[in-house]
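Below: the structure, in structure tokens.
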Ligand SMILES: NC(=O)c1ccc[n+]([C@@H]2O[C@H](COP(=O)([O-])OP(=O)(O)OC[C@H]3O[C@@H](n4cnc5c(N)ncnc54)[C@H](O)[C@@H]3O)[C@@H](O)[C@H]2O)c1
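Listed below in structure tokens is the structure:
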């Protein structure tokens, strides 16, 4: 692997999913650094499109960018929107997200996360760009993976259709790197949280329940652990990967510090200044008992070093949550 400029002013970057939670934070960073960003997003209603438009408005405070409202799973629409365009880097974050809802809509997840990714890889290998970064997930690991989860782990048995589509996306990337010489980096994000977090994700969902005096449903006995990662640390990891060249690499991006579910709720109660009413339910077979990343490779190659401790990140999340009008959820 060698390095070349990535976050330099003027670099043309195509960012899919840039109206979403992680994508909009990344877009703010990229636009603020003066790169030429094109955001591609279909603004679908998996959660409120109004929230996604508000995310884009916040990005625009950093500077200008182009926007393409396109469904990546619609091959014709995708090809005509990107026909003749070239970019230095494609950062692909658009996806149908969430473990549980992938059980209800597996075909939709397959269409967007596989067909959509394949459509972009096809455009890339036909000359749109050589450098491809995929937003992957800790969900590619399964119950059989040994902790801390290493990129070297061969036993990958995802527990949900979502996890399978993410792993298959990585495999498609590998194949296109091998066949056509694309330079691909897959970044496995672990339980990302922070301001503008998706409303379906656990910290945001629990905060809403606490605020509304509704019960907070905990699956299992509360001892399951998640490697929660503050969104700015994820953005640091993605931007550190921009200059990498080389055929195919996979990196974990996480905090490396798993937090038990019950402790997370306790710290969230503290951050919001309000107690939670707990309701316990049996654990679900799609849920991982724990996630815990080995960050050795990301540290060594990307210089990745997560900076935001969980309590600090929760305080920033709570400040954002408190300042967000309740109608916005
Ligand atoms: N948030 C996390 O904890 C987490 C963890 C692991 C991996 N990831 C991955 O990171 C990426 C971003 O996740 P997020 O939490 O910001 O989710 P998000 O839903 O907020 O963002 C995804 C964006 O992609 C767009 N999109 C979805 N389907 C599309 C389509 N067919 N065409 C065009 N755009 C489409 C959505 O409108 C949305 O704006 C995803 O690839 C996700 O799988 C997220």
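In this note's numbering, the protein residues as written are 1 to 329.
Even glycine gets a Cβ: it sits at the ideal position worked out from N, Cα and C.
Determine, using beta-carbon pairs with one atom in the segment 82 to 100 and one in the segment 151 to 170, whether at least three such pairs fall under 8 Å. yes
Which same chain residues, not among the five before or five after residue 67, have their C-beta less than 6 Å away from its C-beta? Taking the chain shown and counting its residues from 1, the one referred to as residue 67 is at position 67. Hits under 6 Å: 39.
Between which two residues does the beta strand (DSSP E) carrying residue 92 extend? In the chain shown, counting from the first residue as 1, residue 92 sits at position 92. Residues 89 to 92.
Going by other Cβ atoms of all chains shown within 10 Å of its Cβ, with 16 needed for buried, is residue 9 buried or exposed? As a working note, residue 9 is residue 9 in the chain shown. Answer is exposed; the Cβ neighbour count stays below 16.
What do you reckon, are the CB atoms on residue 292 and residue 158 nearer than 7 Å? Start at 1 with the first residue of the chain shown, and residue 292 comes out as number 292. Start at 1 with the first residue of the chain shown, and residue 158 comes out as number 158. No.
Kindly list the residues whose CB is nearer than 6 Å to the CB of residue 2, restricted to its own chain and excluding five residues on each side of it in sequence; keep chain order. In the chain shown, residue 2 corresponds to position 2, counting from 1. Because the pLDDT at residue 2 is just 37, under 50, the model does not fix this residue reliably, and the value given afterwards should be weighed accordingly. So the list reads 245, once near-sequence residues are dropped.
Could you tell me the alpha carbon to alpha carbon distance between residue 327 and residue 247, rounded to whole angstroms? The sequence position of residue 327 within the chain shown is 327, counting from 1. The sequence position of residue 247 within the chain shown is 247, counting from 1. At residue 327, the pLDDT of 46 sits below 50, so the modelled position is not reliable; the number obtained from the coordinates is stated separately. Near 46 Å, if we compare the C-alpha coordinates of residue 247 and residue 327.
Determine whether the beta carbon atoms of residue 161 and residue 228 lie at a separation below 7 Å. Taking the first residue of the chain shown as position 1, residue 161 is located at position 161. Taking the first residue of the chain shown as position 1, residue 228 is located at position 228. For residue 161 and residue 228, no; Cβs fall outside 7 Å.
Ligand 1 heavy atoms versus the CB of residue 171: any closer than 6 Å? For the purposes of this step, residue 171 is identified with residue 171 of the chain shown, where counting begins at 1. Checking the Cβ of residue 171 against ligand 1 gives no.
CB residue 208 to CB residue 55, shorter than 7 Å? To locate residue 208, count along the chain shown from 1; it is residue 208. To locate residue 55, count along the chain shown from 1; it is residue 55. No, the pair does not count as a contact, with Cβ atoms beyond the cut-off.
Okay, do the segment 253 to 273 and the segment 118 to 133 touch, 3+ Cβ pairs below 8 Å being the bar? no
Using the C-alpha atoms, what's the distance from residue 320 back to residue 265? Residue 265 sits at position 265 when you count from the first residue of the chain shown. Residue 320 sits at position 320 when you count from the first residue of the chain shown. When rounded, the distance between both Cα atoms is 17 Å.
Would residue 154 be called buried (16 or more neighbouring beta carbons within 10 Å of its own) or exposed? Locating residue 154 in the chain shown gives position 154, where the first residue counts as 1. Its Cβ having fewer than 16 others within 10 Å, residue 154 is exposed.
Local conformation of residue 182 per DSSP, three classes: Here the question's residue 182 lines up with position 182 in the chain shown. Residue 182: coil per DSSP, three-state reduction.
Since residue 252 and residue 190 are thought to touch, with beta carbons under 8 Å apart, how far apart are those beta carbons, to the nearest angstrom? What you label residue 252 is simply residue 252 of the chain shown in a count that begins at 1. What you label residue 190 is simply residue 190 of the chain shown in a count that begins at 1. Confirmed, about 7 Å.
beta-carbon residue 52 near ligand 1 non-hydrogen atom, thresh 6 Å: Mapped onto the chain shown, residue 52 falls at position 52. Under cutoff, so the answer is yes.
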